[in-house]
Amino acid sequence: MKPRWNVSTLLLALLVFTALGAPIMARYDPLEMCKATVLALPSWAHPMGTDQFGRDILSRLIFGTRVALLIGVGATFMAVLVGVPLGVWSGLGGPRIDAIIMRGVDTLLAIPPVLLAMALVAILGLGSVNAAVAVAVVGIPQFARLARAGALSERGMEYTEAAVALGANWGRVAFRTILPNILSPIIVQVPIAVSRAIILEASLSFLGLGSQPPAPSWGLMVNESRNYMYAAPSYGIFPGILIALTVLSLNNMADLVRKWRRI
């Protein structure tokens, strides 16, 4: 059963295309200021209006797509890279190692994601890169839990016992025998994790802890629009809608992947 193309997949493909071709697609420099067009309403020259510095909102949204996808995908990749081996090690390493690793994971899970990300950014410093690292750390527990559950269920299988009987070392058993058989739930979780990472990055930027001005960031644009809700309502509406559509599309993509892999 192959996944069908729908509105969500087309929107995600458009976002990726937009991020790659941002310099070509944007009509204006996202950092270019113009005093003559401050808080302009949507028009032919500026389809989504301008901000308090006269910068084109559409161009900033286009370049902001790069920030959202880079942090969302990059942070998720880092979380998978750390969380999955950690979970497999926990599931195969014995009771003592399992207890140590899982108590650390439980500690991370016990802290609300936004508060944990805020604390990490406060330690690492402000900026997009540090925000991405914080988002990645927040995402590690979910992948560690999934990998551990899969490793615990697979280590008692006959093919795992056969690999051990043939003299395979721990690394080969973990990554050549068990890991390929527990990838399905991890792959399904990836789009959901990317959507959470995008929301968390936007939240950090909204609070002033993520991308810093004048960088084009969706969350930062929503934050800056609060003081101009009545003068230029489109200023905050468009980035908010784009965040919502992106998250909904990624969640729907996870459903499509689940059906495709028959989970």
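Counting from 0, one number per residue, gives the positions in the sequence shown under numbering that gives the first Met the number 0.
Every residue, glycine too, gets a C-beta built ideally from N, C-alpha and C.
Exposed unless 16 or more other CB atoms sit within 10 angstroms - verdict on residue i
i: M0; result: With a pLDDT of 45 at M0, under the threshold of 50, the modelled position of that residue is not reliable, and no figure is offered here.
i: T75; result: buried
i: P238; result: buried
i: L6; result: The amino acid at residue 6 is misidentified as Leu; the sequence shows Val. Burial call: exposed.
i: V132; result: buried
i: P212; result: exposed
i: V246; result: buried
i: F43; result: Correcting the residue identity first, residue 43 is Trp in this sequence and not Phe. Under this definition W43 is an exposed residue.
i: A130; result: buried
i: V128; result: exposed
i: I262; result: Note that I262 has pLDDT 47, beneath the 50 cutoff, so the model's placement of it is unreliable and no number is given.
i: R95; result: exposed
i: A12; result: exposed
i: P179; result: exposed
i: A98; result: exposed
i: L40; result: exposed
i: P22; result: exposed
i: G235; result: buried
i: M156; result: exposed
i: A231; result: buried
i: I240; result: exposed
Endpoints, alpha helix (DSSP H) assigned at residue i
i: M220; result: 217 to 223
i: E306; result: Outside the shown range of the chain (0 to 262) lies residue 306, about which nothing can therefore be said.
i: W88; result: 56 to 91
i: S7; result: 6 to 19
i: G209; result: From DSSP, G209 is part of no alpha helix (DSSP H); its letter is neither H nor E.
i: N251; result: 233 to 259
i: N129; result: 127 to 153
i: G124; result: Run containing G124: none; DSSP gives neither H nor E here.
i: M101; result: 94 to 109
Within 7 Å, strictly: CB atoms of residue i and residue j
i: R59; j: M32; result: no
i: A253; j: I191; result: yes
i: V104; j: A143; result: yes
i: G82; j: A150; result: no
i: V193; j: G71; result: yes
i: G48; j: I56; result: yes
i: A201; j: V134; result: no
i: I186; j: E153; result: no
i: L10; j: S233; result: no
i: P112; j: V136; result: no
i: A116; j: L199; result: yes
i: I242; j: W259; result: no
i: L38; j: Y229; result: no
i: R147; j: G86; result: yes
Paired residues, beta bridge with residue i - DSSP
i: T176; result: In DSSP, T176 forms no bridge with anything.
i: T49; result: D55
Any non-hydrogen atom of the ligand NAD within 6 Å of residue i CB
i: L114; result: Summarising the ligand content, the structure contains no ligands, and the ligand NAD is consequently not present.
Using 8 Å as the cut-off, can you tell me whether the region 11 to 22 makes contact with the region 62 to 78, which would need three or more C-beta pairs spanning the two stretches below that distance? yes
Decide if the region 20 to 27 is in contact with the region 205 to 214; the criterion is three or more beta carbon pairs, one per stretch, under 8 Å apart. no
Does the structure place the region 127 to 144 close enough to the region 95 to 109 that three or more beta carbon pairs sit under 8 Å? yes
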